[in-house]
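So the structure is just underneath, and the comments pick up after that.
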Amino acid sequence: MTTRLFGTDCPRREDPRLLTGQALFVDDVHLEGMLHVAFLRSDYAHARLVNVDVSGALEVDGVVAAYTAADLGEYWQPGPLLVSPPPTIEKLTFRHATQVPLARDKVCHVGEPIAAVVAHSRYQAEDALARIRVDVEPLGAVVDIEAALQPDAPLIHEQFDSNQASHVIQEKGDYDAACARAALTVQRRFRFDRGASAPMENRGVVASWDAKCGELTVWDTTQAPIPIRNGLAHMLGIPESQVRVIAPFIGGGFGPKIMMFYPEEVLLPWISMQLGWPVKWIEDRHESFFATTQERLQIHDAELSLDAEGRILGVKDSFLYDAGAYNPYGLTLPINAQCTLLGPYDVPAYYSEFRAVFTTKPIVTPVRGAGRNPGVFVMERLLDLAARELGMDRTEIRRRNFLPPDAFPHDHEIIYQDFAPLVYDSGNYLPSLEKAAKMIGYDRFLAEDQPRLRAEGRHVGIGIVAYVEGTGIGPYEGARVSIEPSGRVNVATGVGTQGQGHFTSFAQIVAEQLGVELPDVEVITGDTGKFHWGTGTFASRGAVVAGNACHAAAVKVREKVIELAARSLDSSEQEIELAEGSARVKGSPDRALTLGDLATRANPLRGAVTPGTEPGLEATAYFGPERGSTANGVHAMILEVDPETAMVDVQRYVVVHDCGVVINPTIVRGQIVGGVAHGIGGCFYEQLVFDSGGQLLNASFMDYLLPTATDVPNVETDHVETPSPYNPLGIKGAGEAGAIPTGALFAQALEDALQIPGLEVLEMPLSPNRLFELMRDARSDE
Amino acid sequence: MEIESEFQFEGAREMVWELLHDPDVLAKALPGAERLELAGEDEYVGELRAGVGPVTAARFEVKVRLTDQQPPAAFTMIVDGRGTAGFVEGSARVNLDEAGPDATLMRYRAELQIGGRIAGVGQRLLDSVGRSMARQSLEDLNSHIQSLRGGETDAGALPATSSETSSSLTRPVIISAAVVIVIILLAMLL
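Residue numbers (this note's numbering), protein chains in the order written: chain A, 7 to 788; chain B, 142 to 331.
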């Protein structure tokens with residue numbers, strides 16, 4: 007019989023290596039003669055560089071070289087625009103300025119690299135940084151995104167006439183008409199502030215140029231090794247086939263590691279080629295607060311119009327989006343915010359407008375959620391406020407506005423980040439809501455628990471919110487599956503892995519097709535020497551796109567196996583079954599050949615193969631979805647607040663998630679729980695605080711707080727499976743979902759716990775201080 | 142960042158100024174001050190080493206320019222301090238008022254931009270540790286005043302000032318005072 011692996015809860019195969027220190031991370035790469043690089047970074051948020059003198063650094067013991075922008079010659083180029091604006095949006099202006107390898111004329115954010123020092127040890131390199139003289143002429147910092155658009159704001163990119171990077175309008179229906187006939191219009195201003203991705207492993211690059219072979223090998227903590235390889239080959243003028251980029255085990259990506267090309271990524275390979283020695287740079291935690299991209303400041307002025315029954319007539323939103331100093335990632339984030347705001351709801355009229363704004367702060371690119379978190383926050387908060395005005399239950403207003411199961415595919419008539427219309431492939435929202443409400447005991451809590459706790463003087467509240475997440479976008483990924491004469495199955499795919507469990511889930515997909523056990527499947531990800539077609543791990547797409555590519559390649563190999571087995575066993579293809587590592591004739595267990603035997607037969611040393619066939623049991627396949635698949639879910643929370651200290655305690659957290667067909671429930675659960683932890687961080691702990699001079703005031707884990715195990719509750723999860731029609735496996739992504747609605751949920755639960763009239767949580771993140779202020783202000787308004 | 146504070150010396154204003162005039166006294170009273178020099182008209186250069194919490198023994202080059210001088214009551218300082226741990230830029234207004242026959246009230250108000258590592262890592266510690274360091278420095282100066290007042294015959298822990306009673310406040314006096322204030326401000330920040 008065939009072993010069922012797909013969809014089962016098998017343990018993550020990579021964990022023993024990860025947990026016992028056996029996995030290779032970039033910093034584990036030690037090469038003979040390897041030199042170490044340290045970067046001098048700007049202390050100023052915005053300044054003209056008058057002079058950079060590295061001569062003092064060169065006198066320091068152990069220093070081999072020091073470089074400024076002037077030393078790079080033709081190699082000094084601004085990075086590529088990674089995502090161009092969707093050509094399909096009509097009302098769109100866009101201009102871009104991208105990061106450079108080393109600042110040349112001016113610096114545009116604190117932490118922007120100015121010079122690089124190469125030494126025999128990182129210690130020596132760091133010491134030498136102190137000997138570099140930098141003369142600057144400070145320019146005004148641009149921090150506040152509203153002030154940034156004022157005519158008197160200092161101009162960050164002088165080739166433009168303002169700090170506005172983009173202005174986009176997307177519309178559907180006639181919002182003004184909808185508003186005119188509305189029984190209720192709720193209007194508020196919402197603010198969602200910046201946070202860091204804070205991966206366990208910071209970024210790092212090791213580059214090694216082998217002049218004799220003309221080969222460059224780069225170990226990089228990137229989420230996109232193949233585009234990095236192609237880009238480096240182009241920049242350095244060497245053939246793509248002579249560049250190998252390896253993204254080994256990576257301690258968390260969360261989005262910023264999809265950014266290309268970071269200055270360090272561009273410089274390390276070049277330095278290795280200049281010096282003829284391997285070079286290493288590992289980002290330290292302090293650097294990471296400036297040198298790695300961040301998210302997610304947006305300020306929304308939004309309104310929701312409803313009829314008297316609480317049905318949405320339309321939404322109008324105008325928001326500002328902080329792009330940071332450079333915008334290589336184009337408009338992905340604000341478009342995600344714009345699109346995801348609509349959520350699982352039927353919104354007949356929508357007017358959404360945004361302005362992307364350059365500021366003198368670190369670059370903004372996706373961090374888990376990628377713009378969706380503020381969008382969901384705005385919509386869910388508006389619904390809560392409307393429900394309150396209408397005297398309606400919070401679940402009821404959502405129930406009334408959910409798109410019904412027969413509404414799919416549903417076209418929202420606006421354009422999504424992948425340039426295609428925002429079409430939800432599938433969904434069934436009500437079961438998620440009902441399941442979550444039941445799991446957390448919503449009705450009972452409101453009817454019994456909360457009044458009882460109130461009477462005891464405790465402030466405990468409940469929250470429940472819904473969201474969708476566009477996942478699994480194209481363009482494509484590929485995979486190669488091959489069977490060795492040993493019977494071992496190799497799977498190679500181009501996406502890198504940052505902890506998502508690909509070594510398990512991809513193996514499950516392939517093992518299921520070939521009738522082998524998981525230990526017989528070796529998965530390789532993120533090594534361009536092994537597979538060099540694809541884009542990367544982002545947008546919750548690994549399982550969807552690469553997973554389906556693995557499936558397609560496995561199906562092809564399965565066909566080859568069956569064809570050869572039928573021929574070898576003198577049987578028909580229909581009679582062959584694959585199980586326990588063998589191909590056998592159904593009902594005749596004696597008539598069987600192992601996959602290893604078949605692999606040997608498929609690759610004979612003598613004799614002849616049938617003309618027109620390929621040797622071996624190997625196939626490469628690609629998968630590119632027509633469009634992304636839309637995951638959805640409902641999160642619910644019970645939260646206690648101490649009104650004296652403004653400290654919170656998340657007592658229960660329930661997630662009901664629909665990511666289509668689940669490959670491995672444990673892995674999906676892990677993604678959800680990690681996302682929730684990230685989301686809780688973004689509610690009450692993590693906030694990047696900049697002063698008016700553009701200085702980050704909490705650039706260490708002493709002051710930038712991450713939620714710890716005691717702050718994150720045990721997350722109770724359940725799944726609803728609505729398969730995506732856009733891929734053969736019916737999968738939807740799950741990587742970001744846990745973090746997306748958390749802010750909205752937290753805000754709702756807080757208000758419910760405190761029940762202070764006039765207390766509205768319209769911003770994220772909060773902190774005990776900020777919550778105290780909100781409570782005080784609401785009370786003083788009473 | 143804005144800093145506003147005051148300190149009362151138990152001594153006549155002339156005495157306070159005399160004390161501030163003596164670089165040897167200052168160097169002993171102020172932690173981390175390694176060098177104080179006149180660099181030009183109305184301009185002073187100093188170097189100090191200071192460290193708090195995770196920012197250890199950072200070296201700063203400090204430039205101070207005096208403007209808007211109203212001797213002996215007040216002056217403004219333009220401060221430019223740079224080092225490997227970051228920078229401090231801004232201005233400070235200092236007032237010295239007579240607060241009685243034997244008391245001088247120093248008030249200062251500074252608007253400073255702090256950047257680099259001291260801003261990113263030291264922020265949380267600036268206030269409390271800086272304040273205690275500044276307080277300590279000022280207390281040291283004040284006790285020196287007490288020892289001077291205690292008797293011309295007693296040499297005290299620190300040498301007596303060489304200058305006799307100066308009838309008018311000379312520019313170096315003001316500049317010395319300025320550097321003291323700057324270093325106190327920096328000490329509060331570091």
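Backbone N, C-alpha and C define an ideal beta-carbon position, used for all residues, glycine too.
query	result
Against chain B, does H292 (chain A) count as a neighbour if the rule is that its beta carbon must be under 8 Å from one of theirs?	yes
Please report the Cβ distance between V501 (chain A) and T477 (chain A), rounded to the nearest whole angstrom; I am assuming they are in contact, meaning their Cβ atoms lie under 8 Å.	14 Å between Cβ atoms; not a contact.
Residues in the segment 698–721 of chain A with C-beta within 9 Å of chain B's C-beta atoms, listed in sequence order?	S698, G699, G700, Q701, L702, L703, N704, A705, S706, M708, D709
Starting from V116 (chain A) and walking both ways along the alpha helix (DSSP H), at which residues does that stretch end?	That residue, V116 (chain A), is in no alpha helix (DSSP H); it is neither H nor E in DSSP.
When you compare only the Cα positions, how much space is there between A189 (chain A) and S294 (chain A)?	49 Å
Tell me which residues of the segment 43–55 of chain A have at least one Cβ-Cβ distance to chain B shorter than 7 Å, keeping chain order.	D49, Y50
Does the CB of F201 (chain B) have a neighbour CB from chain A at under 8 Å?	no
Could you confirm whether any beta carbon from chain B is found closer than 8 Å to the beta carbon of A136 (chain A)?	yes
Give the straight-line distance between the Cα atoms of V251 (chain A) and A72 (chain A), rounded to the nearest whole angstrom.	25 Å
Closest to A333 (chain B) by C-alpha separation, out of B:Q149, B:E145, B:E143, B:I144, would be which residue?	Residue coverage of chain B in this structure runs from 142 to 331, which leaves residue 333 (chain B) outside it and unanswerable.
For G257 (chain B), would you say it is in contact with chain A, using Cβ-to-Cβ distances shorter than 8 Å as the test?	yes
What are the residues in the segment 273–301 of chain A lying within 7 Å of chain B by C-beta distance?	H292, F295
Exposed or buried, F707 (chain A), counting other C-beta atoms within 10 Å across all chains shown (16 or more means buried)?	exposed
Can you tell me the Cβ-Cβ gap for N333 (chain A) and A171 (chain A), rounded? I've got them flagged as a contact below 8 Å.	5 Å
Tell me whether the segment 215–231 of chain A and the segment 192–202 of chain A touch, counting them as touching only if at least three CB pairs, one residue from each stretch, are closer than 8 Å.	no
What ranges does the beta strand (DSSP E) occupy inside the segment 694–740 of chain A, keeping only unbroken runs of at least 3 residues that lie completely in it?	721–725
Measure the beta-carbon distance from E182 (chain B) to K204 (chain B) and round it to whole angstroms, keeping in mind my assumption that it falls under 8 Å.	With 8 Å as the limit, E182 (chain B) and K204 (chain B) do not qualify as a contact, their Cβ atoms being about 13 Å apart.
As a quick exercise: from A:F364, A:T14, A:G700, A:P368, pick the residue whose alpha carbon is nearest that of P262 (chain A).	A:P368
Can at least three beta-carbon pairs, one atom from the segment 510–525 of chain A and one from the segment 666–682 of chain A, be found at a separation below 8 Å?	yes
Is the beta carbon of P233 (chain A) closer than 8 Å to that of M266 (chain A)?	yes
Tell me which residues share the same chain as G493 (chain A) and place their Cβ nearer than 7 Å to its Cβ, disregarding the 5 neighbours each side in the sequence.	D526, G587, T600, L601, G602
Give the residues of chain E in contact with V116 (chain A), contact being defined as C-beta atoms less than 9 Å apart.	Checking the listed chains, one finds no chain E in this structure; the protein chains it contains are A and B.
For the segment 304–376 of chain A, list the beta strand (DSSP E) runs that are entirely contained and at least 3 residues long, ordered along the chain.	304–312, 318–330, 355–364
Could you give the DSSP three-state label for H52 (chain A): helix, strand or coil?	coil
Starting from T223 (chain A), follow its DSSP beta bridges and name the residues at the other end.	A:S214, A:R250
Please report whether the beta-carbon of G222 (chain B) lies at a distance below 8 Å from any beta-carbon of chain A.	no
Taking the DSSP output, what are the residues bridged to K97 (chain A)?	A:I175
Considering only the alpha carbon of each residue, which of A:R235, A:V718, A:F255, A:W287 lies closest to G535 (chain A)?	A:R235
Ignore the nearest five residues each way along the sequence and tell me which others in D141 (chain A)'s own chain have a CB closer than 6 Å to its CB.	V56, N57
Could you work out which residue in A:V384, A:R378, A:G377 is closest to L310 (chain A) when comparing CA atoms only?	A:V384
Under 8 Å, Cβ to Cβ, is there at least one residue of chain A near G287 (chain B)?	Rather than Gly, the amino acid found at residue 287 (chain B) in this sequence is Gln. False, the Cβ-Cβ gap to chain A never drops below 8 Å.
My output table needs one value for Y268 (chain A): the three-state DSSP class, helix, strand or coil.	coil
For N496 (chain A), which beta-bridge partners are listed by DSSP?	A:S488, A:E528
Return helix, strand or coil for L584 (chain A), following the three-state DSSP convention.	strand
For the pair the segment 466–473 of chain A and the segment 746–760 of chain A, tell me if three or more CB-CB distances fall below 8 Å.	yes
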